[in-house]
């Protein structure tokens, strides 16, 4: 079983849509969680950290459920520029990545 | 100034060759990593070094040997390259409190073994 599991998608949504990604992690010792964004043929870049109480950054909301070992990312009012692969990350000792969820936002 | 820089960006080589990829970070971070991203886009950790000391060595063939001459550099040497080594290799670095700030990645080295 992979340490971090994500729905690979692809998710194809129209501009302005709200889209949610989910992720589960297997190592209960994981202390920190992140969402990274990776554009085609580029390096992963930090999108946001995920805090226990949930956190929001503009159109992006991240949530953590430790009991269910579950992380989510909600994107509201999708833009064309949001098209990318979104990687869920859990950090027990080092960063363990999910396989990524591919999002395409269409006009 | 690039924070984490890798060279070369592209590397095409024949099976059986030995090659190196270099990584340097100017962020003053304590820890550096090598990740491999295969054709299925899965990003998997290979090695982690903290202040020149090997911390993590995942199940990686011993043809792969990391070398850290100082805490700002972590190079990856690969012996006897195989077709299955073709992938994108990312170097990354982090502060000691990476739990708060995550990792910063280099732009990747696309290795193609023919």
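Chains as they are written, first to last, in our numbering: chain A, 13 to 119; chain B, 3 to 116. Positions of the beta carbon are idealized from the N, C-alpha and C atoms, including for glycine. Note that this is a predicted model, so its numbers are computed, not measured.
- [ ] Give a yes or no on whether the C-beta atoms belonging to residue 116 (chain B) and residue 14 (chain B) are separated by under 9 Å.
- [x] Along the second chain, read from residue 1 onward, the residue named residue 116 (chain B) stands at position 114. Along the second chain, read from residue 1 onward, the residue named residue 14 (chain B) stands at position 12. Yes.
Task: Inter-residue CB distance, residue 24 (chain B) and residue 39 (chain B) (contact presumed, cutoff 8 Å) - done: Here residue 24 (chain B) refers to the residue found at position 22 of the second chain. Here residue 39 (chain B) refers to the residue found at position 37 of the second chain. No, residue 24 (chain B) and residue 39 (chain B) are not in contact; Cβ-Cβ is about 18 Å, not under 8 Å.
Task: Burial state of residue 108 (chain A) (16 or more Cβ within 10 Å) - done: Residue 108 (chain A) sits at position 96 when you count from the first residue of the first chain. Residue 108 (chain A) is buried by the Cβ-count criterion.
- [ ] Compare the C-alpha of residue 43 (chain A) against each of A:113, A:111, A:118, A:105 and name the closest.
- [x] Counted from its first residue, the first chain places residue 43 (chain A) at position 31. Nearest to residue 43 (chain A) by alpha-carbon distance, out of A:113, A:111, A:118, A:105, is A:105.
- [ ] Starting from residue 92 (chain B), find everything on chain A with Cβ-Cβ shorter than 8 Å and list it in chain order.
- [x] Your numbering for residue 92 (chain B) matches position 90 in the second chain. Residues of chain A passing the Cβ test: 55, 56.
Open item on the list: Taking only three categories from DSSP, how would you classify residue 82 (chain B)?
Closed with: Position 80 of the second chain, counted from the start, is the residue given in the question as residue 82 (chain B). Residue 82 (chain B) falls in the coil class under three-state DSSP.
Task: Beta-carbon gap between residue 34 (chain A) and residue 83 (chain A) smaller than 9 Å - done: Numbered from 1 along the first chain, position 22 holds the residue referred to as residue 34 (chain A). Numbered from 1 along the first chain, position 71 holds the residue referred to as residue 83 (chain A). The answer is yes: Cβ separation under 9 Å.
Task: Sub-9 Å separation of residue 69 (chain A) and residue 60 (chain A) beta-carbons - done: Taking the first residue of the first chain as position 1, residue 69 (chain A) is located at position 57. Taking the first residue of the first chain as position 1, residue 60 (chain A) is located at position 48. Yes; because the gap between Cβ atoms is below 9 Å, this pair is in contact.
- [ ] Could you work out which residues of chain B lie near residue 99 (chain A), taking near to mean beta carbons separated by less than 8 Å?
- [x] Indexing the first chain from 1 puts residue 99 (chain A) at position 87. Here the neighbours are 45.
Open item on the list: Between residue 79 (chain A) and chain E, is the shortest Cβ-Cβ distance under 9 Å, so that the two count as touching?
Closed with: This model lacks chain E altogether, as its protein chains are A and B.
Open item on the list: Within a Cβ cutoff of 8 Å, which residues of the same chain sit near residue 105 (chain B), ignoring the five residues on either side of it in sequence?
Closed with: Counted from its first residue, the second chain places residue 105 (chain B) at position 103. Same-chain partners within the cutoff: 35, 94, 95, 96.
Open item on the list: Classify residue 112 (chain A): buried if its beta carbon has 16 or more other beta carbons within 10 angstroms, exposed otherwise.
Closed with: Against the first chain, residue 112 (chain A) aligns to sequence position 100. It is buried - the Cβ of residue 112 (chain A) has at least 16 other Cβ atoms within 10 Å.
- [ ] Assign residue 93 (chain A) to one of three DSSP states: helix, strand, or coil.
- [x] Walking along the first chain from the start, residue 93 (chain A) turns up at place 81. It is helical.
TODO: Select from B:16, B:77, B:63, B:22 the residue whose C-alpha is nearest the C-alpha of residue 51 (chain B).
DONE: As a working note, residue 51 (chain B) is residue 49 in the second chain. Nearest of B:16, B:77, B:63, B:22 to residue 51 (chain B), Cα basis: B:77.
Task: Within chain A, the residues that residue 109 (chain B) reaches when beta carbons sit closer than 9 Å - done: In the second chain, counting from the first residue as 1, residue 109 (chain B) sits at position 107. In chain order: 54, 55.
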